[in-house]
Amino acid sequence: MIDLFSDTQTRPTAGMRDAMARAEVGDEQSDSDPTTLALCARVADLLGQEAGVFMPSGTMCNLVAILVQTRPGDEIIVDDQSHIYNTEAAGSAAIGGVSVTALKTPAGVYTPEAFADAIRPSARTAPRSALVSIEQTTSFSGGSVWALPDMRQIRDIAHARGLRAHIDGARLLNAVAATGIAAWDYAEGFDSAWIDLSKGLGCPVGAVLCGRQDFITEAWRWKYRLGGAMRQSGILAAAGLYALDHHIDQLGRDNAHAALLRDRIADAPGLAIPAGAAQSNILCFSVEPLGVMASAFAKACLDQGVRVRAIGSHQIRATTHLEVDEADILRSAEVIRAEATRLSGQR
Ligand SMILES: *Cc1c(COP(=O)(O)O)cnc(C)c1O
C-alpha cells in the first residue's frame, strides 16, 4: 500500500534507530539528559529563539503555549481549519478556560486585516484577546505556506494591541524547504514557536517548543503539571537530532512530490483542485463534482492500494513523506485518476 494518509505514518529508519540505541541519556526531568538538552538547544538555534523544551507531542506544544500566554476567560485567535481549533479536543477550553475565535479562511491563511478586526476592543463585557496563532504550513486546509510579510504584520499588530503571537510550526520546515526562507526568519519576534519531529522529519515521537527563557521556564511548569516530563528522553531526542542531520533535504522532495501528484491529476474528471494547491507536502482537493462522499472516494482508492484521507464531506487530503518515492506518486496519480474517471462515468 502507498500511504498518503499523513506524514505521521513514517517509521524510524535504520539509521535513526541506530542513533536512538546509541543515545547518551540522563534524567530529562532534572535537566540532566544531555541528548535532550542538545536537541532543545539545536531547535532553539534553528528558530532563533532563546530556549526550547522537548515535548511528547505538538498538541502539548500548542496547549502549553496557550496556557502560559493566557488566563482563564481570555480569547485566542486562530484560523477555522487549524489544528488548535479542530483536533486538540478543545484543550485550551478544557484546561485553560480559554475561548477561541476561529477566522474563516479559504485555505487556512487569514489576512492581517481580518486578524486586526477580530481583536476585541478592551471592555468590561468582552473576553480579552490574548494570543494569535499562525499555522505554518497549514494542515487540514492543504499545506498552504504563509507569506513572511503577512506573518510579520500579524505579529506586529498583535504586539501593538497587547497580544502574544504564536507559530504552530508542525511543518514549518516544509515552508522553509518551499521558500528558502530560514526558520529563524519566520519565527523572529514571535513569542512562541515549535516544530514537530514526528511528521516529515520521520521521528517516532516529539516536538520542541521554543521562546524566551522566561516563557520556557513557565512552559516547563505546565509540561510537568500535564505529566509531560520524561526521564531518559535522550533516546527520543536522538531521533530528532538524527532527523535534523539527515532528513531536512527530504522535505524538499516531499514538497516536489505533492506538486507532481497535483500536476498528474490536474485534468482528471470531477476533481476540484484549488488554484495554489500543493504549496508544500500536502495536496487537498474536492470530490464534490463527482457527487460522492470523500469517505467513499478514499475507500475506492484504498481498494486500489492508495491510502488518502477524507476530511469532512468532500475533501481529500494526500500527504507526501519520506516513505513515498516518485514511482509511488505516479502510481497514486494513476489510481486517483482512474477512480475519478470511473465515478464520473457513473453519474
Ligand atoms: C500534527 C499537528 C499538530 C499536533 O502535533 P502532534 O505531534 O500530532 O500532537 C499541531 N498542529 C499541526 C498543524 C499539525 O499538523
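Sequential numbering from 2 applies to the sequence shown in my numbering.
The beta-carbon is built from N, C-alpha and C at its ideal position, and this holds for glycine as well.
Contact set for residue i: own chain, Cβ-Cβ below 8 Å, skip 5 residues either direction
{"i": "D151", "result": "V110, T112 and P113"}
{"i": "D28", "result": "D34, R232 and Q233"}
{"i": "A124", "result": "none"}
{"i": "A299", "result": "R308, V309, R310, A311 and I317"}
{"i": "H84", "result": "G59, T60, N63, E136, S140, F141, D169 and A171"}
{"i": "A45", "result": "E51, A52, G53, V209 and C211"}
C-beta atoms of residue i and residue j nearer than 7 Å
{"i": "A159", "j": "L48", "result": "no"}
{"i": "I283", "j": "T342", "result": "no"}
{"i": "V133", "j": "I67", "result": "no"}
{"i": "H248", "j": "L303", "result": "no"}
{"i": "P128", "j": "S93", "result": "no"}
{"i": "A131", "j": "T218", "result": "no"}
{"i": "V69", "j": "A166", "result": "no"}
{"i": "G59", "j": "C41", "result": "no"}
{"i": "E289", "j": "H258", "result": "no"}
{"i": "A279", "j": "A260", "result": "yes"}
{"i": "S175", "j": "L227", "result": "Checking the displayed sequence, the identity of residue 175 turns out to be Asn instead of Ser. No. Outside cutoff."}
{"i": "A238", "j": "T37", "result": "yes"}
{"i": "R162", "j": "I135", "result": "no"}
{"i": "I266", "j": "A334", "result": "yes"}
{"i": "D156", "j": "F116", "result": "For clarity, residue 156 is Arg in the given sequence; the question names Asp instead. Contact flag unset, no."}
Status (buried if at least 16 other CB within 10 Å, exposed otherwise) for residue i
{"i": "T126", "result": "exposed"}
{"i": "G306", "result": "exposed"}
{"i": "G235", "result": "buried"}
{"i": "G181", "result": "exposed"}
{"i": "D318", "result": "At residue 318 the sequence reads Arg, which differs from the Asp that was named. With 16 or more Cβ atoms within 10 Å of its Cβ, R318 is classed as buried."}
{"i": "G212", "result": "buried"}
{"i": "M21", "result": "buried"}
{"i": "T88", "result": "exposed"}
{"i": "S142", "result": "buried"}
{"i": "M2", "result": "exposed"}
{"i": "R12", "result": "exposed"}
{"i": "D326", "result": "exposed"}
{"i": "G144", "result": "buried"}
{"i": "A95", "result": "exposed"}
For residue j and residue i, believed in contact at Cβ under 8 Å, the rounded distance
{"i": "M56", "j": "G207", "result": "7 Å"}
{"i": "T106", "j": "S281", "result": "Actually they do not touch by this definition, with Cβ atoms about 16 Å apart."}
{"i": "R310", "j": "F6", "result": "5 Å"}
{"i": "N256", "j": "A179", "result": "5 Å"}
Sequence-distant residues of the same chain with beta carbon closer than 6 Å to residue i, five excluded per side
{"i": "C204", "result": "L198, A240, G241 and A244"}
{"i": "Q10", "result": "D4"}
{"i": "D8", "result": "K200, G201, T320 and H322"}
{"i": "E51", "result": "R213 and Q214"}
{"i": "I330", "result": "H258, L261 and L262"}
Own chain residues within Cβ distance below 7 Å of residue i, not counting five before or after
{"i": "P270", "result": "A341, T342 and S345"}
{"i": "A230", "result": "E29, Q30 and K224"}
{"i": "D81", "result": "A103, L104, K105 and T106"}
{"i": "C62", "result": "M56, W195, A208 and L210"}
{"i": "R43", "result": "L242 and L245"}
{"i": "D75", "result": "V99, P128, R129 and A131"}
DSSP bridge partner residues for residue i (one or two, in chain order)
{"i": "C211", "result": "G53 and A194"}
{"i": "D186", "result": "D186 is not bridged to any residue."}
{"i": "G292", "result": "Its beta-bridge partners do not exist; DSSP assigns none."}
{"i": "Q70", "result": "Answer is none; Q70 lacks a bridge partner."}
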